[in-house]
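Chemist: Before I ask anything, let me first share the structure, which is written out below as structure tokens.
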Amino acid sequence: MINLVRRELGEEGVHRVLRAAGLNGRQAELEDDNSWTSFADARALFEAAVTVLRDEHALRRVGAAIARQDMTSEVVALLRSLGSPGEVLRHIDQVVPKFCTVVRMEAEQIGSGFAVLSARNVEGFPRFTLLCDFTAGLLEQAPLPFDLPPALVVEEMCMSDGADRCVFRVMWEDEAGIVTTADTMESLAAELSILTSRFATFQQTASDLVDVDDVSTLLARITSRAGLSVRAPRHVLVARPTPASPLQIHSEGCTPDEAELLAAEIIAADPEERSGSRLIVDITSVHRAYGRLAAVYDEGVTFFPAERDLLASYARLAAAALDSATALAESRQQTATAQVLLDLARQLATVGDEHELAQRLIAAIPSVVPCEMSGVGLWNPEEGLRVVAMQGIEGEARRVVEALRITAADTPIMAQMLDEPNPVFLGPDSDDSFILGLISVVSAKAVAVVPIRTADQLIGVVAAAFDTDVASLEADAQLLARLEGLADLAATAFHNSRLVEAIKHQAHFDAITGLPNKRLLEERVT
Numbered sequence: 001m002i003n004l005v006r007r008e009l010g011e012e013g014v015h016r017v018l019r020a021a022g023l024n025g026r027q028a029e030l031e032d033d034n035s036w037t038s039f040a041d042a043r044a045l046f047e048a049a050v051t052v053l054r055d056e057h058a059l060r061r062v063g064a065a066i067a068r069q070d071m072t073s074e075v076v077a078l079l080r081s082l083g084s085p086g087e088v089l090r091h092i093d094q095v096v097p098k099f100c101t102v103v104r105m106e107a108e109q110i111g112s113g114f115a116v117l118s119a120r121n122v123e124g125f126p127r128f129t130l131l132c133d134f135t136a137g138l139l140e141q142a143p144l145p146f147d148l149p150p151a152l153v154v155e156e157m158c159m160s161d162g163a164d165r166c167v168f169r170v171m172w173e174d175e176a177g178i179v180t181t182a183d184t185m186e187s188l189a190a191e192l193s194i195l196t197s198r199f200a201t202f203q204q205t206a207s208d209l210v211d212v213d214d215v216s217t218l219l220a221r222i223t224s225r226a227g228l229s230v231r232a233p234r235h236v237l238v239a240r241p242t243p244a245s246p247l248q249i250h251s252e253g254c255t256p257d258e259a260e261l262l263a264a265e266i267i268a269a270d271p272e273e274r275s276g277s278r279l280i281v282d283i284t285s286v287h288r289a290y291g292r293l294a295a296v297y298d299e300g301v302t303f304f305p306a307e308r309d310l311l312a313s314y315a316r317l318a319a320a321a322l323d324s325a326t327a328l329a330e331s332r333q334q335t336a337t338a339q340v341l342l343d344l345a346r347q348l349a350t351v352g353d354e355h356e357l358a359q360r361l362i363a364a365i366p367s368v369v370p371c372e373m374s375g376v377g378l379w380n381p382e383e384g385l386r387v388v389a390m391q392g393i394e395g396e397a398r399r400v401v402e403a404l405r406i407t408a409a410d411t412p413i414m415a416q417m418l419d420e421p422n423p424v425f426l427g428p429d430s431d432d433s434f435i436l437g438l439i440s441v442v443s444a445k446a447v448a449v450v451p452i453r454t455a456d457q458l459i460g461v462v463a464a465a466f467d468t469d470v471a472s473l474e475a476d477a478q479l480l481a482r483l484e485g486l487a488d489l490a491a492t493a494f495h496n497s498r499l500v501e502a503i504k505h506q507a508h509f510d511a512i513t514g515l516p517n518k519r520l521l522e523e524r525v526t
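Just so you know, our numbering puts 286 at position 286 of the sequence shown, and the rest follows in order with no gaps.
Next comes the structure, spelled out in structure tokens:
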């Protein structure tokens with residue numbers, strides 16, 4: 001509509017329509033090919049356009065212009081695959097929602113060069129005269145994908161006049177049985193034009209996706225451009241960029257609450273496509289499964305079978321772009337991790353006190369793994385495991401954790417760690433009541449615990465809590481490798497610290513009596 005007004009009245013005409021409709025400041029949104037306009041806004045724009053253009057049937061021209069604008073290469077190819085204008089109109093119940101979702105239409109009669117169609121309003125969206133003009137304008141363009149002149153559309157019955165439905169008779173030029181060499185050449189040229197346009201769209205989409213190296217921005221862009229592949233009023237993407245990261249939800253045409261509900265259904269093990277009103281495809285590359293992408297109609301409106309292939313192809317392109325973006329992000333993370341570990345090694349080499357070592361270690365953890373909470377615990381055979389440093393745990397939870405002294409008698413996990421100090425992942429599905437209570441206190445979904453150990457003894461543990469499930473943590477080999485790198489550095493530092501303390505003790509205390517010796521006395525006196 002905006003383009004039609006601009007063409008006839010210039011930019012000032014556009015501003016006049018927006019002011020009259022009460023939609024100032026929303027021009028960019030209304031001109032976005034991927035966005036859908038609400039019923040209230042569309043009605044206000046319709047009425048404003050009629051007033052500003054001074055044409056009571058302006059909405060026919062608006063409908064025709066929007067149909068031409070919304071006939072992307074993918075839509076044209078899809079409609080052309082049906083074979084003829086008659087077949088397009090036979091499937092009008094599936095075609096119309098690609099342009100307008102407040103109308104339900106069906107074919108009552110299809111003949112040679114004509115069709116009789118009925119239209120009813122969707123509940124809550126009453127029909128009005130301008131909407132009928134708009135519908136007629138859309139129907140005029142049914143022959144467009146077949147390189148035929150616009151159809152003639154006559155409204156024979158209207159709900160605005162008290163009828164139970166609106167009835168439109170659509171008539172177009174029928175060329176059945178008249179195929180000439182010129183027609184064949186024109187058809188081939190049209191097919192070539194469509195293929196060229198589709199390739200250009202694909203090329204632009206690929207460029208837009210590959211051009212982004214931030215994963216969250218890329219996910220948002222994948223969602224926003226999905227409408228160029230399969231037109232629908234709502235698109236939802238649910239993805240996990242890395243195995244250990246939380247699910248991200250991106251949507252177009254949904255409120256945040258609607259997106260949350262749809263995402264939960266889409267990511268389910270066996271998602272329900274609601275009798276064809278949803279298209280759900282996996283975003284999967286040869287390297288990783290990221291999540292799912294869905295195009296969503298209201299129930300009762302269905303997609304064409306070919307649209308599944310279109311959306312699946314787009315999802316494969318999106319997965320390839322995600323492979324590139326996540327590889328770059330992981331490379332940056334590995335570089336940053338290496339730098340953090342190098343800096344930490346330097347810091348730990350100059351620190352002798354165990355408490356200060358633990359503080360330096362806890363400060364480094366968030367830079368190495370993206371966890372919500374973390375802790376460093378030291379093992380003492382007489383006291384048990386005591387948490388000496390923590391990050392992200394506050395209030396009552398912090399007081400509870402600080403008071404803990406975990407022994408082998410408290411939990412089999414501690415006994416296992418003493419016997420075979422290997423990393424463990426803990427979650428709410430554990431059958432260990434002590435562990436369940438601890439996870440509940442810190443409100444974590446999963447905890448990774450990596451031992452700080454030397455060749456022959458357990459020194460302590462590094463623990464990191466995450467807002468994701470245990471299976472995701474176990475699948476992320478990089479996360480475990482980073483935590484183990486931290487723990488190995490810490491083990492050397494704590495071992496050296498204890499050696500220094502032992503040497504100091506031996507130098508200042510009698511080996512037989514355990515009492516302070518002459519050297520300590522002299523140092524204290526001095």
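Where a beta carbon is used, it is the ideal one built from N, C-alpha and C, also for glycine.
None of these values were measured; they are calculated from a predicted model.
#1: Answer with buried or exposed for Thr302, where buried requires no fewer than 16 other C-beta atoms within 10 angstroms of its C-beta.
#2: So, for Gly22: in the same chain, excluding its five sequence neighbours on each side, which residues have a beta-carbon less than 8 Å away from its beta-carbon?
#3: Just grab the DSSP bridge partners of Pro451 for me.
#4: Leaving out five residues on either side along the sequence, give the residues of the same chain with a beta carbon under 6 Å from the beta carbon of Arg169.
#5: Between which two residues does the beta strand (DSSP E) harbouring Met159 extend?
#6: Does DSSP put Gly137 in a helix, in a strand, or in coil?
#7: Roughly how many angstroms lie between the CA atoms of Arg68 and Gln141, to the nearest whole one?
#8: What residue range does the alpha helix (DSSP H) around Leu219 cover?
#9: I'd like to know if the stretch 55–62 and the stretch 288–304 are in contact, where contact means that at least 3 CB-CB pairs between them fall below 8 Å.
#10: In angstroms with no decimal places, state the Cα-to-Cα distance between Ala163 and Glu260.
#11: Smallest Cα separation from Leu322: which of Val450, Thr223, Ile365, Pro381?
#12: Taking only runs of the alpha helix (DSSP H) that begin and end inside the stretch 323–376, which ones reach a length of at least 4 residues, in chain order?
#13: Tell me the residue span of the alpha helix (DSSP H) that contains Met390.
#14: Which residue wins for smallest C-alpha separation from Gly300, given the options Asp476, Glu394, Asp93, Arg360?
#15: Is it the case that the Cβ atoms of Val96 and Val88 are separated by a distance below 8 Å?
#16: Would you tell me roughly how many angstroms separate the C-alpha atoms of Thr217 and Ala325, rounded to the nearest one?
#17: To the nearest angstrom, how far is it from the Cα of Val14 to the Cα of Arg6?
#18: If we count the other Cβ atoms within 10 Å of its Cβ and call it buried at 16 or more, is Asp282 buried or exposed?
#19: For Val230, which option in Glu252, Glu258, Gly83, Leu328 has the closest C-alpha, if you only look at C-alpha atoms?
#20: Please report the distance separating the alpha-carbon of Ser112 from that of Phe146.
#21: In the structure shown, what three-state DSSP assignment does His235 receive?
#22: Is Gly25 helix, strand or coil when you go by DSSP?
#23: In the DSSP assignment, find the beta strand (DSSP E) that holds Leu284 and state where it starts and stops.
#24: Quick one: using the 10 Å Cβ neighbour count with 16 as the cut-off for buried, is Leu385 buried or exposed?
#25: Enumerate in chain order the residues of its own chain whose CB-to-CB distance from Phe99 is below 7 Å, with the five nearest sequence positions on each side excluded.
#26: Which residue comes first and which comes last in the beta strand (DSSP E) that contains Phe425?
#27: Check whether the stretch 388–397 and the stretch 363–379 touch, using three or more Cβ-Cβ pairs below 8 Å as the test.
#28: Only counting the same chain, and skipping five residues up and downstream in sequence, which positions put a Cβ closer than 7 Å to that of Ala244?
#29: Identify every residue that forms a DSSP beta bridge with Arg120.
#30: Where Val167 and Cys158 are concerned, what is the direct C-alpha to C-alpha distance, given to the nearest angstrom?
#31: Count the other CB atoms, across all protein chains shown, that sit within 10 Å of the CB of His355; report buried if there are 16 or more and exposed otherwise.
#32: Just checking, does the stretch 486–496 make contact with the stretch 403–418 on the three C-beta pairs under 8 Å criterion?
#33: Starting from Gly291 and walking both ways along the beta strand (DSSP E), at which residues does that stretch end?
#34: Using only alpha-carbon positions, find the residue among Ser443, Ser81, Thr101 that is nearest to Gly124.
#35: Kindly indicate which residue of Ala320, Ala463, Trp379, Val236 has the alpha-carbon position closest to the one of Ile280.
#36: Looking at Leu489 and Leu378, is the spacing between their C-beta atoms short of 8 Å?
Modeler: A quick look at the data gives this:
#1: Answer is buried; the Cβ neighbour count reaches 16.
#2: So the qualifying residues of the chain are Ala44.
#3: Answer is Val461.
#4: Non-local beta-carbon contacts of Arg169 in its own chain, meaning distances under 6 Å to residues more than five positions away in sequence, involve Val116, Val154, Glu156 in chain order.
#5: No beta strand (DSSP E) contains Met159, which DSSP labels as neither H nor E.
#6: The answer is helix: DSSP assigns Gly137 an H, G or I state.
#7: Looking at the two C-alpha atoms, the distance is approximately 7 Å.
#8: Unbroken alpha helix (DSSP H) run through Leu219: 215–225.
#9: Taking 8 Å as the limit for Cβ pairs, the verdict is that the stretch 288–304 does not touch the stretch 55–62.
#10: One C-alpha to the other measures close to 40 Å.
#11: Per the Cα distances, Thr223.
#12: Listed in chain order, the complete alpha helix (DSSP H) runs (minimum 4 residues) inside the stretch 323–376 are 354–368.
#13: Premise fails: Met390 lies in the beta strand (DSSP E), 384–391, not in any alpha helix (DSSP H).
#14: Taking only the C-alpha atoms, the option nearest Gly300 is Asp93.
#15: No. Outside cutoff.
#16: Thr217 and Ala325 have their C-alpha atoms some 10 Å from each other.
#17: Val14 and Arg6 have their C-alpha atoms some 6 Å from each other.
#18: Exposed, because fewer than 16 other Cβ atoms sit within 10 Å of the Cβ of Asp282.
#19: For the residues Glu252, Glu258, Gly83, Leu328, the minimum Cα distance to Val230 belongs to Glu252.
#20: Distance between the alpha carbons of Ser112 and Phe146: 15 Å.
#21: For His235, the secondary structure class from DSSP, reduced to helix, strand or coil, is strand.
#22: Of the three classes helix, strand and coil, the one that applies to Gly25 here is coil, per DSSP.
#23: Leu is not the amino acid found at residue 284; the sequence shown has Thr there. For Thr284, the enclosing beta strand (DSSP E) starts and ends at 278–284.
#24: Buried is the call here.
#25: Its chain contains Ile66, Ala67, Asp70, Leu138 as the residues whose beta carbon lies nearer than 7 Å to that of Phe99, once the 5 sequence neighbours on both sides are disregarded; these appear in chain order.
#26: Per DSSP, Phe425 belongs to the beta strand (DSSP E) from 424–426.
#27: Under the 8 Å Cβ criterion, the stretch 388–397 counts as touching the stretch 363–379, having at least three qualifying pairs.
#28: Counting only Cβ-Cβ distances below 7 Å, and skipping sequence neighbours, we find Phe466, Thr468, Ser472, Leu473, Asp476, Leu479.
#29: Residue pairing by DSSP places Arg120 opposite Arg104 in a beta bridge.
#30: Rounded to the nearest angstrom, the two C-alpha atoms are 7 Å apart.
#31: With fewer than 16 Cβ atoms within 10 Å of its Cβ, His355 is classed as exposed.
#32: Touching, no.
#33: Here the beta strand (DSSP E) through Gly291 covers 289–296.
#34: Measuring from the Cα of Gly124, the nearest candidate turns out to be Thr101.
#35: It is Val236 whose Cα lies nearest to the Cα of Ile280.
#36: The answer is no: Cβ separation not under 8 Å.
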